[in-house]
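To start, the structure itself, in structure tokens.
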């Protein structure tokens, strides 16, 4: 802790905290939220959390591992499995718990190698560590590097994100699925940033690409496009009983609250509707437009292939300055630094949403051009 305060906070950040700053107003353009479909304040969702609350059987306050039968959480799990074209689904308290618990359960008491993309979410890395697993990182989205590692160490588990949270890049999932198939590897895909936003009816990239038969496990945080509080694991039917007595994060976390379950049911209806389809189309349009506007101004955002756009600088101190300049222009992004990124790759992340207007995107691009000019990035 002393090292943080002396070297990081005071020396590198000049006494300011990188995660603190101005507070967005109603007139600000806030691109720091993961609410991609702009559902968080949707009246239908808010109303669902309280409507007929007393008449709805609730989930007992106990570990999620005990939930089964016709409990509301178990019913929602069956609905999630059906919608996402999976044999089974498990709900957890958060996406972090889902990833942590899944990897710990898969690797504990084994010597199986785990091939993990260098930019995979920290929760996946921590799950491998929790299970004392053997992590073998491979270069980001580098298929040939992954092949060489598997040839060197043998069949194992491949772990990737579908859409990477720090730069918006998309995994070459079809190629990775083919490697998993031919090399006899188990494939785990974190779809936190693609469920709800990608694929037919928002079912994600794995369904869109037709590789559900190869991707044995899909995970997601439902705090992104689903605007809720939960984590999801899509898995084989027989995995649930094993997971619920093996996964320490799941065993020692409570089940979802009744209002979270009601909210998720309503969100699933919205995502699988014409409104959801319209929002996905608008989100895709907004993402392509802002990327184009930024590129026209000479700002490198080539890595982004999604609704996540990252502005790069070579130090955390420069990211802080970039953030401050943009906040003065009423444009708000999320600073990403270690441990969310490597020390050498801090970014200011923009998470776009479906309700942004064209003039707002043009304004954001102009503000970025001004900031980059001032900082000489």
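Numbering (this note's numbering), first residue to last: 15 to 391.
C-beta: ideal position from N, C-alpha, C; glycine also.
Item: Closest residue to residue 191 among 231, 207, 217, 50 (Cα-Cα distance); Value: 231
Item: Candidates 380, 342, 333: closest to residue 358 by CA position; Value: 333
Item: Beta-carbon proximity list for residue 215, same chain, < 6 Å, skipping 5 on both sides; Value: 286
Item: Stretch-stretch touch, CB-based, cutoff 8 Å, three pairs: the region 112–132 with the region 289–306; Value: no
Item: Residue 127, enclosing beta strand (DSSP E) - first and last residue; Value: 127–131
Item: Beta-carbon proximity of residue 104 to residue 247, cut-off 8 Å; Value: yes
Item: Nearest-angstrom Cα separation, counted from residue 52 out to residue 245; Value: 19 Å
Item: For residue 324, three-class secondary structure by DSSP; Value: strand
Item: Cβ separation of residue 136 and residue 153, assumed to be a contact under 8 Å, to the nearest whole Å; Value: That belief does not hold up - the Cβ atoms of residue 136 and residue 153 are roughly 18 Å apart, past 8 Å.
Item: Start and end residues, beta strand (DSSP E) containing residue 378; Value: From DSSP, residue 378 is part of no beta strand (DSSP E) but of the alpha helix (DSSP H) over 372–389.
Item: First through last residue of the beta strand (DSSP E) which encompasses residue 86; Value: Counting along the chain, residue 86 falls outside any beta strand (DSSP E), though it belongs to the alpha helix (DSSP H) covering 86–97.
Item: According to DSSP, residues forming a beta bridge with residue 249; Value: 102
Item: Endpoints, beta strand (DSSP E) assigned at residue 202; Value: 200–204
Item: Beta-carbon proximity list for residue 205, same chain, < 6 Å, skipping 5 on both sides; Value: 176, 218, 232, 234
Item: Short Cβ contact (8 Å threshold) for residue 225 with residue 202; Value: no
Item: Through-space distance from residue 207 to residue 179, alpha-carbon basis; Value: 7 Å
Item: Inter-stretch contact (C-beta, 8 Å, three-pair minimum) for the region 380–387 and the region 334–346; Value: yes
Item: Nonlocal neighbours in the same chain, by C-beta distance under 7 Å from residue 319, ignoring five residues either side; Value: 182, 183, 184
Item: Under 8 Å between C-beta atoms of residue 360 and residue 317; Value: no
Item: Whole-angstrom distance between residue 288 and residue 39, CA atom to CA atom; Value: 31 Å
Item: Per DSSP, cross-strand counterpart(s) of residue 345; Value: 43
Item: Reduced DSSP category for residue 233 - H, G, I as helix; E, B as strand; rest coil; Value: strand
Item: Through-space distance from residue 89 to residue 282, alpha-carbon basis; Value: 13 Å
Item: Simplified DSSP state of residue 227, which is helix, strand or coil; Value: coil
Item: Cβ neighbour criterion (16 or more within 10 Å) applied to residue 198; Value: exposed
Item: Which of helix, strand or coil DSSP assigns to residue 263; Value: helix
Item: Backbone secondary structure at residue 240 - three-state DSSP; Value: coil
Item: The beta strand (DSSP E) enclosing residue 175, as first and last residue numbers; Value: 171–175
Item: Residue 315 (DSSP reduced to helix, strand or coil); Value: coil
Item: Residue environment, residue 355, which counts as buried when at least 16 other CB atoms sit within 10 Å; Value: buried
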